[in-house]
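A.B. asks: Structure below; questions to follow.
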Amino acid sequence: MKTMTKLWATAAICGAVLSGRAFADPHPDAELIIEGELHIATRAEPPEHLGGVLPEIYSGWLFRTDETRELQMDDFDNPGMLFAERGEDRWELAEGTANQSCADCHGTVDSLAGVRAVMPKVNENGELWSLQNYINNCRTERMGADAWGWNSEPMKDVTSLISLQSRGMPVAVKIDGEAAEFWEKGREMYYTRFGQLELSCANCHEDNWGRMIRADHLSQGMSNGFPTYRLKNASIVPLHQRFRGCIRDTRGESFAEGSQEFRELELYVASRGLGLPIEGVSVRQ
Amino acid sequence: MTRRSLSAAFAATAVIWGGATYADISPADITWEDEVAISVSLTGTPGDPEAGALAFSSRSIGNCLSCHMNSDMPQHDFHGDIGPPVDGAGARWTEAELRGIVADAKRMFPESMMPTFYNDNPDDYIRPGEAYTARAHNPETFSTLLTAQQVEDVVAYLMTLTDW
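Shown next as structure tokens:
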């Protein structure tokens, strides 16, 4: 009985915090309009598979400061655009034993519009591949060139460029059919409490989005903005690098960037944002 | 004797050499009261509320402030709001309950997001790492998040929080 009274007291205090939650909620009415022209929705109806755990889905953009949000509204101010620009040069660069460039097969890069929105995707051999895997497959199998490292500069440049071609197109990953088993594994991972701090993705991004961990404003952990220019890293941060950072912060042993586990998690996380537009290269804190 | 228990033995010896006459109670040796509380001090040395306040606010020690608002610490910015505020904790809980919560909050609150601050068994975790390196843990050096004395210090500090 004594404990119950204390629990009620705790609940009352929690209630007070909840009612004060508004200050930390996602921005109530900010609109992401790039260069004054391109309207990108940052709110959407949650996908059915979430079963109502989120009332609405929000881009991470809505959780950032005014200054950070503004950087993404102007392509000249968005530092991620420099990576995409370098990607254009790499697109034209003939390399490898075949002496071929991306452009030799794909023509102009806008032919890849929509590709980023469906990544990761099951390939013709039944493997779940991220955009990086498809790029490296082109390099090693068609061009006769070396594969790029997952977090390497050229990979950041070209994934930024390709992602930009899908800017404004809703996330459209396939989660049924051959993808279903990968999606299930990714889902299980999302709810697994890793590391000595025993934290799952869901602890922060499903149960506590909108709240603060010290100075960090927790978002819903949506991936539609990746690759993202992260001010803290002063570079493009690929999604798997961010996953690694999160697991590190649980005092956990991470999986490797590009690993099967992270590709499965990538698919599941992408599917939580089904319907949110790709932001190409977003800007985050 | 495993290397692990050897190093534990050395640690206990070191405490005695350091002038204490009381070995810390290891996580595995805790006697839980009603499965949620710890009535006996983990060290036999009274907790120091000032050291506990430092552990509470410091990112590199307890970092409790990261998730818990605390009106007693207006000098610090950015109080988290993941867990309940700790205001009045010393009036709402007994010392034994607070010791249990700080050591292993999931006993009192099974679904809690709060980390277990006093458990040195890596087998209780999924992919425990080597601190914040993202690398695999070293079974020989894996340790509790707070030392026994730091648990006592934080508890002593929380006991001073009686206003709410």
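So the protein sequences, as listed, match chains C and W.
Position one of the first sequence corresponds to residue 112 (our numbering), numbered consecutively onward.
Position one of the second sequence corresponds to residue 7 (our numbering), numbered consecutively onward.
For glycine and all other residues, C-beta sits at the position ideal for the given N, C-alpha and C.
Predicted model, so just to flag it, every value in this text is computed and none were measured.
Please check if any C-beta of chain C sits within less than 7 Å of the C-beta of Gly96 of chain W.
C.D. replies: So no, Gly96 of chain W is outside the interface.
A.B. asks: So the beta strand (DSSP E) Leu48 of chain W belongs to, where does it begin and stop?
C.D. replies: Where Leu48 of chain W is concerned, there is no enclosing beta strand (DSSP E), given that its DSSP letter is neither H nor E.
A.B. asks: Please report how far the alpha carbon of Asn163 of chain W lies from the alpha carbon of Val284 of chain C, in whole angstroms.
C.D. replies: One point to set straight first is that residue 163 of chain W is Tyr, not Asn, in the sequence displayed. Those two C-alpha atoms are separated by around 50 Å.
A.B. asks: Can you find a CB in chain C that lies within less than 7 Å of the CB of Tyr124 of chain W?
C.D. replies: Tyr124 of chain W does not count as touching chain C.
A.B. asks: Do the stretch 320 to 331 of chain C and the stretch 250 to 266 of chain C meet, that is, are 3 or more Cβ pairs less than 8 Å apart?
C.D. replies: Contact fails: fewer than three Cβ-Cβ distances are below 8 Å.
A.B. asks: Rounded C-beta distance between Glu39 of chain W and Ser45 of chain W? I'm assuming under 8 Å.
C.D. replies: Between Ser45 of chain W and Glu39 of chain W the Cβ distance is about 5 Å, and since that is below 8 Å, they are a contact.
A.B. asks: In chain order, what residues of the stretch 354 to 371 of chain C put their CB closer than 9 Å to some CB of chain W?
C.D. replies: Result list: Arg355, Gly356, Ile358, Arg359, Asp360, Thr361, Arg362, Gly363, Glu364, Ser365 and Phe366.
A.B. asks: Ordered along the chain, which non-local residues of its own chain (more than five positions away) have a Cβ less than 6 Å from that of Phe134 of chain C?
C.D. replies: In this prediction, Phe134 of chain C scores a pLDDT of 49, lower than 50, which makes its location untrustworthy; no coordinate-derived value is stated.
A.B. asks: Return the CA-CA distance between Arg227 of chain C and Glu142 of chain C, expressed in angstroms with no decimal places.
C.D. replies: Cα to Cα, Arg227 of chain C sits roughly 23 Å from Glu142 of chain C.
A.B. asks: Contact between the stretch 176 to 184 of chain C and the stretch 214 to 226 of chain C: three or more CB pairs below 8 Å?
C.D. replies: With the cut-off at 8 Å, the stretch 176 to 184 of chain C and the stretch 214 to 226 of chain C do not touch.
A.B. asks: Can you check DSSP and say which residues form a bridge with Ile168 of chain C?
C.D. replies: According to DSSP, which records beta bridges pairwise, Ile168 of chain C is partnered with C:Ala155.
A.B. asks: Using a Cβ-Cβ cutoff of less than 8 Å, which residues in the same chain neighbour His316 of chain C once the five nearest sequence positions on both sides are dropped?
C.D. replies: Counting only Cβ-Cβ distances below 8 Å, and skipping sequence neighbours, we find Leu329, Ser330, Gln331 and Gly332.
A.B. asks: Is Gly53 of chain W closer than 7 Å to His74 of chain W when the C-beta atoms are compared?
C.D. replies: Going by C-beta atoms, His74 of chain W is not nearer than 7 Å to Gly53 of chain W.
A.B. asks: What residues in its chain sit with their C-beta under 6 Å from that of Trp170 of chain W, if we drop five residues either side in the sequence?
C.D. replies: Closer than 6 Å at the Cβ level, and outside the excluded window around Trp170 of chain W, lie Asp93 and Gly94.
A.B. asks: Do you know offhand how far Leu48 of chain W's Cα is from Gly288 of chain C's?
C.D. replies: Roughly 55 Å between the two C-alpha positions.
A.B. asks: State the start and end residues of the unbroken alpha helix (DSSP H) segment that holds Leu151 of chain W.
C.D. replies: That residue, Leu151 of chain W, is in no alpha helix (DSSP H); it is neither H nor E in DSSP.
A.B. asks: Using a threshold of 7 Å, state whether the C-beta atoms of Leu173 of chain C and His150 of chain C are closer than that.
C.D. replies: The answer is no: Cβ separation not under 7 Å.
A.B. asks: What does DSSP give as the partner residues of Ile144 of chain C in its beta bridges?
C.D. replies: Bridge partners of Ile144 of chain C: C:His150.
A.B. asks: Identify, in the order they occur along the chain, each residue of the same chain with its Cβ nearer than 8 Å to the Cβ of Ala120 of chain C, setting aside the five sequence neighbours on each side.
C.D. replies: Note that Ala120 of chain C scores a pLDDT of 49, beneath 50, so its modelled location is shaky and nothing firm can be said.
A.B. asks: Between the C-alpha atoms of Ala61 of chain W and Gly237 of chain C, what's the straight-line distance to the nearest angstrom?
C.D. replies: Approximately 51 Å between the Cα atoms of the pair.
A.B. asks: Below 8 Å between beta carbons is the criterion; list the residues of the stretch 285 to 313 of chain C that meet it against any residue of chain W, in chain order.
C.D. replies: Answer set for the stretch 285 to 313 of chain C: Thr303, Arg304, Phe305, Gly306, Gln307, Leu308, Glu309 and Leu310.
A.B. asks: In the DSSP assignment, the beta strand (DSSP E) including Tyr302 of chain C goes from what residue to what residue?
C.D. replies: Element bounds for Tyr302 of chain C: n/a, residue is neither H nor E.
A.B. asks: Grouping DSSP H, G and I as helix and E and B as strand, with all else coil, what is Thr251 of chain C?
C.D. replies: Note: Thr251 of chain C maps to helix in three-state DSSP.
A.B. asks: What does the Cβ neighbour count give for Ser241 of chain C, buried or exposed, with the cut at 16 atoms within 10 Å?
C.D. replies: Ser241 of chain C is buried by the Cβ-count criterion.
A.B. asks: Measure the Cβ-Cβ separation of Leu104 of chain W and Phe123 of chain W and say whether it is below 7 Å.
C.D. replies: No. Outside cutoff.
A.B. asks: What span of residues does the alpha helix (DSSP H) with Tyr379 of chain C cover, start to end?
C.D. replies: It spans Gln371 to Arg383 - the alpha helix (DSSP H) in which Tyr379 of chain C sits, taken as one unbroken run.
A.B. asks: Taking only beta-carbon atoms, is Ala43 of chain W less than 7 Å away from chain C?
C.D. replies: Judged by the 7 Å Cβ criterion, Ala43 of chain W is not in contact with chain C.
A.B. asks: Using the C-alpha atoms, what's the distance from Val392 of chain C back to Asn210 of chain C?
C.D. replies: In a straight line, the C-alpha of Asn210 of chain C is about 29 Å away from that of Val392 of chain C.
A.B. asks: Return the chain-ordered ranges of every beta strand (DSSP E) run that is complete within the stretch 334 to 364 of chain C and spans a minimum of 3 residues.
C.D. replies: Whole beta strand (DSSP E) segments, 3+ residues: 339 to 341 and 346 to 348.
A.B. asks: In whole angstroms, what is the alpha-carbon distance linking Thr339 of chain C and Asp35 of chain W?
C.D. replies: Distance between the alpha carbons of Thr339 of chain C and Asp35 of chain W is about 48 Å.
A.B. asks: In the DSSP output, which residue or residues are listed as bridge partners for His328 of chain C?
C.D. replies: BP columns for His328 of chain C point to C:Met323.
A.B. asks: Where in the stretch 208 to 275 of chain C do unbroken runs of the alpha helix (DSSP H), each at least 4 residues long, occur, reported from the N-terminal end onward?
C.D. replies: If we require 4 residues or more, the alpha helix (DSSP H) runs fully inside the stretch 208 to 275 of chain C come out as 213 to 217, 242 to 248 and 264 to 275.
A.B. asks: Nearest to Gln396 of chain C by alpha carbon, out of C:Ile286, C:Gly336, C:Ala214 and C:Asp318?
C.D. replies: Of the candidates C:Ile286, C:Gly336, C:Ala214 and C:Asp318, the one whose C-alpha sits nearest the C-alpha of Gln396 of chain C is C:Gly336.
A.B. asks: Pull up the distance between the alpha-carbon of Asp130 of chain W and that of Gly106 of chain W, whole angstroms please.
C.D. replies: So the two alpha carbons sit approximately 17 Å from each other.
A.B. asks: Assuming contact is defined by CB atoms lying nearer than 7 Å, are Gly363 of chain C and Gly306 of chain C in contact in what I supplied?
C.D. replies: Yes.
A.B. asks: When the Cα of Thr153 of chain W is compared with those of W:Ser63, W:Gly68 and W:Ala43, which residue comes out closest?
C.D. replies: Nearest of W:Ser63, W:Gly68 and W:Ala43 to Thr153 of chain W, Cα basis: W:Gly68.
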